[in-house]
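The structure appears below as structure tokens.
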Amino acid sequence: MTTRQFGAPVQRREDPRLLTGGGRYLDDLGHTAYEAAFVRSPYAHARILEIDTDAAVDVDGVIAIYTHEDLPGAVGEPLPVLIPHPALTAARTGYPLAKGEVNHVGEAVVMVVATNRYVAEDAVDRIVVRYEQLPPVVGIENAREAAHLVHEDAPGNVSAHLVQEVGDVTSAMAGAPHTLTLELDIERSACMPMEGKGVYARWNSDDESLRVYSSTQTSTGVRACVAAKLDLPLAKVECIAPDVGGGFGVKIMHPWPEEVLVPWASRNLDHDVKWTEDRREHFISSAHERGQLQEVTVGFDDEGRMLALDVRFWHDNGAYTPYGIIVPIITATQLLGPYKPGSYRVEFFSLYTNTVLVTPYRGAGRPQGCFAMERTMDAIAAHLGIDRAEVRSRNFIQPDEMPYDHGLMFQDGRPLKYDSGDFPASLAKLKELVGWDDFADYRAQAEAEGRKVGLGIGCYVEGTGVGPYEGGHIQIETNGRVNVATGLTTQGQGHQTSLAQIVADELGVPIENVHVTTGDTRRMAYAVGTFASRAAVMSGNAVALAAKVVRAKALRIAADALEVSPEDLEIEDGVISVKGAPGSSIDLGTIAVMSNPLRYAFDEAAKKATQFAGTFDVEKPPIGDDDEPGLEGQDFYSPTQATFANGMHAAIVETDPVTAEIRILRYCVVHDCGNMINPLIVEGQVHGGVAQGVGGALYERMVYDESGQLLNASFMDFLMPYASEVPFIETDHLETPSPLNPLGIKGAGEAGTIPVTAVIASAIEDAEGFPITSMPISPPELWALRRAHARKDAS
Amino acid sequence: MPDTTTSSPISTTTSAVTAADLLADEMHDVTVTVNGVARSARVPARRLLSDFLRHDLRLTGTHVGCEHGVCGACTVLVDGSPTRACLMFAVQAQRHEITTVEGLGSTPETMNHVQRAFAECHGLQCGFCTPGFVTTITAYLEDHDDPTEDEARELISGNLCRCTGYQNIIKSVLRAAEIKREEITRDEGGRA
Ligand code: FES
Ligand code: FES
Chain D
22 MTTRQFGAPV QRREDPRLLT GGGRYLDDLG HTAYEAAFVR SPYAHARILE IDTDAAVDVD
82 GVIAIYTHED LPGAVGEPLP VLIPHPALTA ARTGYPLAKG EVNHVGEAVV MVVATNRYVA
142 EDAVDRIVVR YEQLPPVVGI ENAREAAHLV HEDAPGNVSA HLVQEVGDVT SAMAGAPHTL
202 TLELDIERSA CMPMEGKGVY ARWNSDDESL RVYSSTQTST GVRACVAAKL DLPLAKVECI
262 APDVGGGFGV KIMHPWPEEV LVPWASRNLD HDVKWTEDRR EHFISSAHER GQLQEVTVGF
322 DDEGRMLALD VRFWHDNGAY TPYGIIVPII TATQLLGPYK PGSYRVEFFS LYTNTVLVTP
382 YRGAGRPQGC FAMERTMDAI AAHLGIDRAE VRSRNFIQPD EMPYDHGLMF QDGRPLKYDS
442 GDFPASLAKL KELVGWDDFA DYRAQAEAEG RKVGLGIGCY VEGTGVGPYE GGHIQIETNG
502 RVNVATGLTT QGQGHQTSLA QIVADELGVP IENVHVTTGD TRRMAYAVGT FASRAAVMSG
562 NAVALAAKVV RAKALRIAAD ALEVSPEDLE IEDGVISVKG APGSSIDLGT IAVMSNPLRY
622 AFDEAAKKAT QFAGTFDVEK PPIGDDDEPG LEGQDFYSPT QATFANGMHA AIVETDPVTA
682 EIRILRYCVV HDCGNMINPL IVEGQVHGGV AQGVGGALYE RMVYDESGQL LNASFMDFLM
742 PYASEVPFIE TDHLETPSPL NPLGIKGAGE AGTIPVTAVI ASAIEDAEGF PITSMPISPP
802 ELWALRRAHA RKDAS
Chain R
107 MPDTTTSSPI STTTSAVTAA DLLADEMHDV TVTVNGVARS ARVPARRLLS DFLRHDLRLT
167 GTHVGCEHGV CGACTVLVDG SPTRACLMFA VQAQRHEITT VEGLGSTPET MNHVQRAFAE
227 CHGLQCGFCT PGFVTTITAY LEDHDDPTED EARELISGNL CRCTGYQNII KSVLRAAEIK
287 REEITRDEGG RA
């Protein structure tokens, strides 16, 4: 009896390999490859006057040294603007190696290829670059003032300006009984996967083909860019994402300069070339996210219902905009969360600064939007003296209003239309979980002991599983092994398990027989990538569709062989049998043999498919008109819109009355991602997301000085949470199936991260009794706020 | 007036190779016992133990997340003690016994109690940090057979993981201790 896998907490199938040192991450490949290192700009903004490589050329083991001048054709042109948008009027991208000017510390200027990384770094140390420093633009205020420009031809440092409005905000605001304005500030952080980026390229001069391995979230994207840059036929380029040690967004950006340069150098030198990013490089030459200044004005009635919401924000996009304005667009749209704003106007300016570029980091603009909205909810509650959960529930979209169209355009260029969700039910669960109604007693007790505690809350809605599509390909071998391929990549989400669960169910085979490959363009050339919590939704449904195709084919062949109709057949444990007559059966491996008429028998089983085996009808061609050989099939899943997951978090924090140290005592999560394929994996995603959220709320920030130096570019100084900083996470789930896809699933990857900053701000505000408007917050900052408020109260 | 600045600290007029560089490049024959087997290679003095294991011996289970001693991904056991392989030179490992994650169990069938507990408790996601946790925890459980949850949290607080939020790693520590106790009871039962 095959037990249903979908929904079961199946142990991950990739784990034994990863636990025993069998993982193959980028730097585990290519031990004999040449290795690359880069001279990177030490200045945030400068003109390059001269590059002197003489002293480096003689270093023993140096193979090649390249500057921009050496890059031919498209390799030397600016990197692509991946996501153009009509509002992105001043898109700028860098060159693989800087051409004349550098715009952030860490920008690549010279590439060295040597016999190994030690030697390559020796050579880098000996290269002398003369710069003329230009005034750097650092921080959103400076960018906005625009006393200096990052790009001469991007006036006001503005890359994009976008306004969206639904309803008449001006008159709704004028008519509102109450209005409030909040000024908010949220700082930069970064994905910081434990494995940095890396590229390994193998040019084969014999057949003029190129194999590229990249620690990427999109192997099809990298492949297309490399082929275009190197002017190679697509068929001559293959790209593989090996095991990837975490992504969280930074590896969806592509092509990174190194993803163009390493393959190009490999072809140029006719030798394998590898580049493995070190931690400092990751800090100063990959991407950051989050930094925004926000101004929110809200109009509401006596009950706390929003009538008008007017938001302006300024988004720091760093030095270049290769990933377009996806992050601020998501902030602008997902800010609304589970609420009806009455009328809504949102305006943003995306601004250039001489800092590392900004591309999506887990949550991708949503943590900022959630922060703005949830700070506003708390402000309304405080203003009217209403319970904070109550204010939220009064503004909720109700279950009977689903699907709910906000009238805005989402990040996929399609309507922001929620498909499903039961927000009142989620809130009820959360209040129960955290003990919302008993908190007053708890606080009184704590106060009696001289302790300060606070309760915080945050709600969000997350558009997940955006298109355009993903595909699934399934092939069953003659021994019954089921090979599944999907094109998007894996960075720890457990796709080898969750996708196998889906296929095992659809095909009726044991999960042990199912083997999933992701992110390999040799196996699936059409794909988009892993981002926006889309893998389970997109590839989950794609492999389910592909399994249906293969199942239908298997039943058709079996029906012929057993001389019954396909409807009378069932598949269990990899064996097709006639319902009610288990005696007449045939296993899938045998069907695979029969599906491929052979001239040559390669093994015992294959003999049955050869021409003299007498197993076929001489009246029919070996392969029917609209048939194909092999027990395999593929299909693609392409939805009309995103599906919307949601969740609500609450936390209890304690702030030390003397030192202002902030401790999270409890952290509760209620999460609704539709039907869960594997609750074990979903829990894990939530835990990891919350931990990153805690980092963003209390510890992590990118400290740039006024000259644009990143002062904390190491794990010593950038405070990523250890186990000692992450609270125990209590979870509860709601499963509101998405009506948009056959499996009823929604994405779960980013959920944990989104509301954490808002929740912690809310809890600290509750503990301290004054507004928290700027995050992350450190004990010294909280201490300073206390002093400022005490002074204000005293005067 | 804009500044004109030269970035490299090394002047172009001197020959840039110093005595220290020469020493760093000097080749040494190193013999180290790794996972119970004596392994030899000829390496420059500056070769990090992490690179020696990964690239000379091709034991790529030991990972490198920072190369400055903070993340713990490179943790191996040196004579049984958790040690950061990125902070040690291969030449320093001479005459020492190194155990990497491969030495704790290199196939699904031979996984040790910690590796098995991680698989049961979903203690890993991308798996990049995992070998450093597994080596650290294995060493600790050698002389702590029943840690509390707080002790488990403390134990793993020197290693960074960006994926799991640590909760399931803590669970894995407790489960690993349990598996180990069960194994001991079983062995003793078998002998009795
Ligand atoms: S790589 Fe050794 S501690 Fe991070
Ligand atoms: S599992 Fe990915 S860093 Fe720990």
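Chain order of the listed sequences is D and R.
Per the numbering used here, residue 22 is the first one in the first sequence, and the count goes up by one each step.
Per the numbering used here, residue 107 is the first one in the second sequence, and the count goes up by one each step.
Backbone N, C-alpha and C define an ideal beta-carbon position, used for all residues, glycine too.
Because the structure is a prediction, the values reported are computed rather than measured.
- Taking C-beta atoms as the reference points, Leu701 (chain D) and His161 (chain R) fail to come closer than 8 Å.
- In the DSSP assignment, the residues bridged to Ser235 (chain D) are D:Val220.
- By the neighbour-count criterion, in which a residue is buried when 16 or more other Cβ atoms sit within 10 angstroms of its Cβ, Ser364 (chain D) is buried.
- In this structure, DSSP gives Trp285 (chain D) a helical state, which the three-state scheme calls helix.
- Remark: the C-beta of Glu173 (chain R) is in contact range of ligand 1, defined as less than 7 Å to any heavy atom.
- Residue-level contact check: Arg413 (chain D) does not touch chain R, since none of the beta carbons of chain R fall below 8 Å from its beta carbon.
- Phe224 (chain R) sits away from His169 (chain R), with the two beta carbons spaced by 8 Å or more.
- With a cutoff of 8 Å on beta-carbon distance, Thr136 (chain D) and Ile86 (chain D) are scored as not near each other.
- Listed in chain order, the positions of the region 710-737 of chain D with a beta carbon within less than 8 Å of a beta carbon of chain R are Gly710, Val711, Ala712, Gln713, Ser735, Phe736 and Met737.
- Inclusion of Arg268 (chain R) in the 7 Å shell around ligand 2 follows from its C-beta lying nearer than that to a non-hydrogen atom of the ligand.
- Look at the beta carbons and you see the region 710-725 of chain D touching the region 767-779 of chain D: at least three pairs across the two are nearer than 8 Å.
- Here Asp293 (chain D) is buried, its C-beta having at least 16 other C-beta atoms within 10 Å.
- The Cβ of Gly266 (chain D) sits closer than 8 Å to at least one Cβ of chain R.
- Distances between the C-beta of Val170 (chain R) and the heavy atoms of ligand 1 include at least one below 7 Å.
- Assignment of Met559 (chain D) by DSSP, reduced to helix, strand and coil, places it in the helix class.
- Taking a C-beta cut-off of 8 Å against chain D, the contacting residues of the region 229-248 of chain R are Leu230, Gln231, Cys232, Gly233, Phe234, Cys235, Thr236, Pro237 and Val240, listed in chain order.
- Annotated three-state conformation of Asp624 (chain D) is coil, per DSSP.
- Taking the Cβ of Phe269 (chain D) as the reference point, every heavy atom of ligand 2 lies at 7 Å or farther away.
- In the structure shown, Leu109 (chain D) falls within a coil segment according to DSSP collapsed to helix, strand and coil.
- Judged by the Cβ position, Gly384 (chain D) fails to qualify as a neighbour of ligand 2 at the 7 Å threshold, every heavy atom of the ligand being at least this far.
- Taking 7 Å as the cut-off, one finds at least one heavy atom of ligand 1 near enough to the beta carbon of Gly178 (chain R).
- If you check each beta-carbon in the region 273-287 of chain R against every beta-carbon of chain D, the ones closer than 9 Å belong to Gln273, Asn274, Ile275 and Ile276.
- DSSP places Trp804 (chain D) inside the alpha helix (DSSP H), whose first and last residues are Pro800 to Ala815.
- Within chain D, not a single residue places a beta-carbon under 9 Å from that of Met133 (chain R); the smallest gap is close to 12 Å.
- For His303 (chain D), the enclosing alpha helix (DSSP H) has its first and last residue at Arg300 to Ser306.
- Between the region 235-249 of chain R and the region 275-293 of chain R there are three or more inter-stretch CB-CB distances shorter than 8 Å, so the stretches are counted as touching.
- Close to Met194 (chain D), with beta-carbon spacing below 9 Å, lies no residue of chain R; the smallest spacing is near 41 Å.
- Per the C-alpha coordinates, the member of D:Val220, D:Asp787, D:Glu324 and D:Gly515 positioned closest to Leu39 (chain D) is D:Gly515.
- Put simply, the region 515-532 of chain D touches the region 566-582 of chain D. At least three CB pairs are less than 8 Å apart.
- Contact annotation, Asn699 (chain D) with Thr518 (chain D): C-beta distance approximately 6 Å; criterion of less than 8 Å satisfied.
- Assignment of Ala144 (chain R) by DSSP, reduced to helix, strand and coil, places it in the strand class.
- Under DSSP, Gly320 (chain D) shares a beta bridge with D:Thr200 and D:Ala329.
- Between the alpha carbons of Leu201 (chain D) and Ala308 (chain D) lies a gap of roughly 35 Å.
- The beta carbons of Ala734 (chain D) and Phe304 (chain D) sit closer together than 8 Å.
- Contact between the region 594-609 of chain D and the region 672-684 of chain D is absent: fewer than 3 CB-CB pairs across the two stretches fall below 8 Å.
- Ser212 (chain R) reaches chain D at Thr41 and Gly42, counting residues in chain order whose Cβ is nearer than 7 Å.
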